[in-house]
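In my numbering, the protein residues as written are 161 to 593.
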Amino acid sequence: MTGQMQYIVALPSAAGTTVTVRGWVQHVRTQGKVAFLVVRDGTGTVQCVFVKSQIPPEVWERFGTLTLEAAVAVTGDVRLEPRAPGGAEIGAIDVTILGASPIDYPIQPKEHGVDFLMDNRHLWLRAPRQVALMRVRHEIEQAIHDFFYERDFTRCDTPILTAAIGERSGLFSTEYFDEGNAYLAQTGQLYGEALAAAMGRIYTFGPTFRAEKSKTRRHLTEFWMIEPEMAFYDVNDSMQLQEELLLAITHRVLERRRPELAVLERDVSHLEAIVGPFPRISYTDAIATLQQKGSATIWGEDLGAEDEALLVADYRTPIFICNYPKEAKAFYMKENPDDPRTVLCADCLAPEGYGEIIGGSQREDDHDKLRHRIQEEGLDVDAYGWYLDLRKYGTFVHSGFGLGLERTVAWLCGTPHIRECIPFPRLMNRLRP
RNA sequence: UGGGGUGUAGGUCAAUUGGCAGACCACCCGGCUGUUAACCGGGAUGUUGCAGGUUCGAGUCCUGCCGCCCCAGCCA
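Next comes the structure, spelled out in structure tokens:
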């Protein structure tokens, strides 16, 4: 027996009709001669009520064989029910098992350890909390695309297989025919700079690979990064853009993903407090503040996680830390004309201790200075020939930044660990599923 | 890689001083016409991470190894 096929989300408007929904068994409960089945179809969940006296005996019997996560089709009458989540429930008259699920489905509606859940990540993703995280992630991605599209940025895709170029940290390598080793890209930035000279303002959105032996709640070996690159933007223009982007993302998630944030039990007051302008603090001032607060960090050293937490603690919005010492940053950052010990850069730290979500800088646009810096870092100048060409043929003031997608998701969702913010996280010790 | 913690049933955990390895959930049987991680009664559940050592006796103590978690470094 079937009715009009419906998605669960559309049920309230189908009240009074006979429908069939297809989905997976999320929960079964029986109470004597009444039984309850909760079905999830990806658009929502609905409770289906089976009353023994009102359905054929074989249907009642079939209900008894339902197991967690079996794929089913349920037919019944839709009725509005104010107490039901979604506002409707189904008075079931038939259920068909489309795909059986043995009784050993590993994930029960109880607490589990993280390692066990990660081993079963392919199934864990069906849990409401994980679904909510993926939906917020999707909303953030779409907000980013819309943000740049509205501003006439061109989205460009940069190579994942590269020769050794970029930053110093760990690279994944693989054999590449007769060309020696290829490396998985750890940034698209240098290519982004070439594209910015062609199209003015561009952004990349893709996976990034870092073979660092990091075991923290903020690191993945494979993560997604958004890297805008803007011709004729100085570092301040770039910070302005970053602020607008983060505000747009935050507002979009608050506007459209309240139900998901509720599932995640996110305290949205923290997100509602995000308004511009974000404080811009120079590295030098930050060091002074840190020393007042008792930190042992001295000028010239990079800021540690503890230092970042101390600085962020005073604010409810993200903050920028600007103009780090040259030694603490990458070779391509432009020397600060007002203080040549430092470079024109800015890291954006998220509130609530979520740490660095953006790293950005104005790029060195002087050919000889850049070449000198490449040599200073002990890098192979020949490998950077094409990159230097960008300064040879029509060099231009330009800036860009990298926004870590998973870190942004973790911050907005309030998750304790970044690993839940991507469907299949890749960590040092996690390559499967 | 360094510091701290942890490993017991399919899952989450308990086990006193070294003295019969247990509870709950899930699973199976039975009961209940409105349940929300339902409830009530009954049943079944083990290479205590691995290897060795001390001991009459080790989940417990010792040595080594392994896995995982947290923190730090690297960064987004």
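Even for Gly, the Cβ is constructed at its ideal location relative to N, Cα and C.
Beta-carbon gap between residue i and residue j smaller than 8 Å
i	j	result
Met399	Ala490	no
His577	Asp525	no
Thr368	Leu572	no
Lys453	Leu470	yes
Tyr484	Val472	no
Ile441	Trp459	no
Thr225	Met161	no
Gly562	Ile518	yes
Ala345	Ile320	yes
Val206	Ile250	yes
Phe337	Ala371	no
Lys375	Met588	yes
Ala354	Leu550	yes
Glu387	Gly560	yes
Glu136	Leu421	There is simply no residue 136 to check, as the chain begins at 161 and stops at 593 in what is shown.
Pro511	His379	no
Ile215	Ile257	no
Ile479	Pro437	no
Other residues of its chain near residue i: CB distance less than 6 Å, five sequence neighbours each side excluded
i	result
Ser261	Thr227, Glu229, Ala230
Ala356	Ile362, Glu389, Ala391, His558
Asp237	Thr178, Gly251
Thr203	Tyr167, Ile168, Val169
Tyr265	Leu228, Glu229
Own chain, CB closer than 7 Å to residue i, minus 5 neighbours either side, in chain order
i	result
Asp201	Tyr167, Ile168, Val181, Arg182, Gly183
Pro585	Leu380, Arg579
Arg412	Glu299, Ala303
Gly259	Ala230, Ala231
Beta-carbon contacts of residue i that lie in its chain and below 8 Å, excluding the five residues immediately before and after
i	result
Val194	Val209, Phe210, Val211, Lys212
Gly538	none
Leu277	Ile267, Trp284
Gln191	none
Ala287	Ile267
Cα-Cα separation, residue i to residue j
i	j	result
His187	Gly246	16 Å
Ile534	Gly515	29 Å
Gln349	Arg297	23 Å
Glu566	Ser455	29 Å
Gln402	Gly520	9 Å
Ile582	Val232	28 Å
Tyr443	Glu461	10 Å
Gly464	Thr457	8 Å
Phe308	Ala408	11 Å
Lys373	Gln451	30 Å
Lys552	Thr314	24 Å
Arg592	Gly554	47 Å
Ala358	Arg531	22 Å
Val435	Thr477	7 Å
Leu197	Leu171	16 Å
Phe383	Asp306	21 Å
Ala543	Cys316	22 Å
Val541	His527	12 Å
Arg523	Ala323	21 Å
Glu218	Leu240	27 Å
Gly366	Thr347	9 Å
Asn396	Asp499	16 Å
Arg590	Ala488	30 Å
Glu536	Asp394	24 Å
Cys482	Asp312	27 Å
Phe556	Gly360	10 Å
Gly513	Pro242	40 Å
Supposed close pair residue i, residue j - CB separation, criterion 8 Å
i	j	result
Leu405	Glu580	With 8 Å as the limit, Leu405 and Glu580 do not qualify as a contact, their Cβ atoms being about 23 Å apart.
Thr381	Gly352	Actually they are not in contact, since the Cβ atoms of Thr381 and Gly352 sit about 22 Å apart, beyond 8 Å.
Arg222	Val255	6 Å
Ala244	Ala175	With a Cβ gap of about 12 Å, Ala244 and Ala175 do not count as contacting.
Val423	Arg289	6 Å
Glu310	Arg416	About 16 Å; that fails the 8 Å criterion.
Asp427	Gly574	7 Å
Buried or exposed by the 16-neighbour rule on C-beta atoms within 10 Å, applied to residue i
i	result
Met385	buried
Ala342	buried
Thr364	buried
Asp474	exposed
Asp467	buried
Val274	exposed
Thr568	buried
Lys270	exposed
Thr334	exposed
Lys529	exposed
Gly163	buried
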